[in-house]
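Take a look at the structure below.
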Amino acid sequence: MLRIPITVCHGITSKWAEYPLTSDHLGKMFALARELGFESIQYDHLEALMDGAEPGSGDIPKQPILFDFDHADKTMLTEIQPLLAEYGYSGTLFFHTSPLDDPRLASKVLNWDEIAQLIALGWGIGGHTVSHPNLSRLSHTDPDGDQLEQELRTADADIKRHLGEQPKDFAYTGATWSSIAEQKVKQRYRFGRLWINASYCLADGRRTPVAELVGIGGADEYDGGPANAARYITVGNTALQSDRYRLPAMEICSPLMNNLDQYRNYLLGALES
Ligand SMILES: [Zn+2]
Numbered sequence: 002m003l004r005i006p007i008t009v010c011h012g013i014t015s016k017w018a019e020y021p022l023t024s025d026h027l028g029k030m031f032a033l034a035r036e037l038g039f040e041s042i043q044y045d046h047l048e049a050l051m052d053g054a055e056p057g058s059g060d061i062p063k064q065p066i067l068f069d070f071d072h073a074d075k076t077m078l079t080e081i082q083p084l085l086a087e088y089g090y091s092g093t094l095f096f097h098t099s100p101l102d103d104p105r106l107a108s109k110v111l112n113w114d115e116i117a118q119l120i121a122l123g124w125g126i127g128g129h130t131v132s133h134p135n136l137s138r139l140s141h142t143d144p145d146g147d148q149l150e151q152e153l154r155t156a157d158a159d160i161k162r163h164l165g166e167q168p169k170d171f172a173y174t175g176a177t178w179s180s181i182a183e184q185k186v187k188q189r190y191r192f193g194r195l196w197i198n199a200s201y202c203l204a205d206g207r208r209t210p211v212a213e214l215v216g217i218g219g220a221d222e223y224d225g226g227p228a229n230a231a232r233y234i235t236v237g238n239t240a241l242q243s244d245r246y247r248l249p250a251m252e253i254c255s256p257l258m259n260n261l262d263q264y265r266n267y268l269l270g271a272l273e274s
């Protein structure tokens with residue numbers, strides 16, 4: 002059984018006053034991952050692993066880690082990409098497309114050319130809708146998922162038009178999820194990824210424990226987050242393997258992961274498996 006750590010961040014930001022992220026701090030996190038022997042992988046590698054490839058075979062590292070980045074924040078290119086490169090890492094950018102069309106946001110949001118630059122530098126990309134709706138709430142106003150389907154189709158077509166490739170993977174928006182969203186995501190993408198910043202998320206209009214949603218179960222930990230096993234992507238024989246449409250991912254700027262000790266413990270937890 003292999004446990005793969007996976008984090009998300011939304012850029013170098015002081016937006017969440019309590020949990021700001023500086024380049025300096027993110028660099029220390031990458032340095033720690035490097036020191037402990039982790040190599041970053043892309044979702045193509047994850048697919049190969051889940052299909053039975055052995056860690057350490059071909060171009061799949063023995064100790065994989067995923068670095069996800071949500072939203073087309075300018076700092077992904079200006080600050081985060083150089084830091085990743087310093088440690089020989091690369092990431093995957095999941096972004097909703099509406100901010101790219103808003104001229105008022107042009108100084109803060111990556112444009113299509115800049116996203117193309119990230120791809121050229123080795124990043125993967127993934128879908129994240131057009132307007133970033135609350136999927137749990139949307140499941141009530143749009144029970145058949147037609148509106149969501151439209152969001153997914155429009156975002157995919159825009160990405161294809163501007164970047165020449167359609168995203169194969171998807172990140173659910175905010176800490177929200179719904180059964181109908183998952184059904185729609187399954188029709189278009191090979192992976193669906195959650196965003197975890199607490200022990201629960203909003204699913205089908207209900208506050209739902211993350212551990213329950215990812216099918217692990219178990220009580221919350223002392224830090225107030227979900228059971229430890231629910232915080233990693235697990236690759237192994239069928240019973241233990243993570244659900245491809247409910248992959249977890251831990252937000253760095255959260256009470257669960259914002260200091261280096263927490264991050265170190267998280268990485269060490271993957272090595273103990
Ligand atoms: Zn988002």
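With the numbering used here, letter number 178 in the sequence shown gets 179, and the count goes up by one each step, no holes.
We put the beta carbon where it would ideally sit given N, CA and C, even for glycine.
Burial state of residue i (16 or more Cβ within 10 Å)
i      : result
Leu214 : buried
Gln148 : exposed
Asn260 : exposed
Leu272 : exposed
Pro6   : buried
Ser58  : exposed
Asn266 : exposed
Thr239 : exposed
Thr174 : buried
Thr8   : buried
Thr142 : exposed
Tyr246 : buried
Residue i Cβ short of 7 Å to ligand 1 heavy atom set
i      : result
Gly146 : no
Thr14  : no
Thr174 : yes
Pro71  : In the sequence under discussion, the amino acid at residue 71 is Asp, which differs from the Pro named in the question. It does: the Cβ of Asp71 is within 7 Å (strictly closer) of some heavy atom of ligand 1.
His278 : Any answer about residue 278 is impossible in this case: the structure gives the chain only from 2 up to 274.
His133 : yes
His163 : no
His129 : yes
Cβ-Cβ distance between residue i and residue j below 8 Å
i      : j      : result
Ser140 : Ala182 : yes
Phe192 : Tyr90  : no
Phe70  : Ile81  : yes
Tyr264 : Met30  : yes
Leu248 : Arg194 : yes
Cys10  : Ile160 : no
Phe39  : Leu268 : yes
Pro65  : Gly127 : no
Asp244 : Gly216 : yes
Pro62  : Leu3   : no
Leu85  : Phe68  : yes
Ala228 : Ala212 : yes
His129 : Ala199 : no
Arg35  : Tyr88  : yes
Alpha-carbon spacing of residue i relative to residue j, whole angstroms
i      : j      : result
Pro21  : Leu27  : 11 Å
Gly53  : Gly237 : 8 Å
Gly218 : Leu241 : 12 Å
Pro144 : Gly165 : 32 Å
Lys187 : Asp205 : 17 Å
Lys16  : Ser24  : 14 Å
Pro100 : Ala231 : 32 Å
Ser180 : Ile13  : 32 Å
Leu111 : Ala156 : 16 Å
Met77  : Ala49  : 27 Å
Tyr201 : Pro210 : 4 Å
Ala158 : Ser132 : 14 Å
Asp103 : Lys109 : 10 Å
Trp124 : Glu115 : 12 Å
Asp60  : Met51  : 15 Å
Asp221 : Leu257 : 12 Å
Leu122 : Thr93  : 11 Å
His72  : His163 : 17 Å
Gly146 : Ile197 : 23 Å
Leu106 : Ile120 : 21 Å
Asp262 : Leu33  : 10 Å
Arg207 : Gln151 : 24 Å
Arg154 : Pro134 : 14 Å
Thr98  : Gln184 : 21 Å
heavy atom of ligand 3 below 7 Å from residue i C-beta
i      : result
Leu268 : Among the ligands present in this structure, namely ligand 1, ligand 3 is not found.
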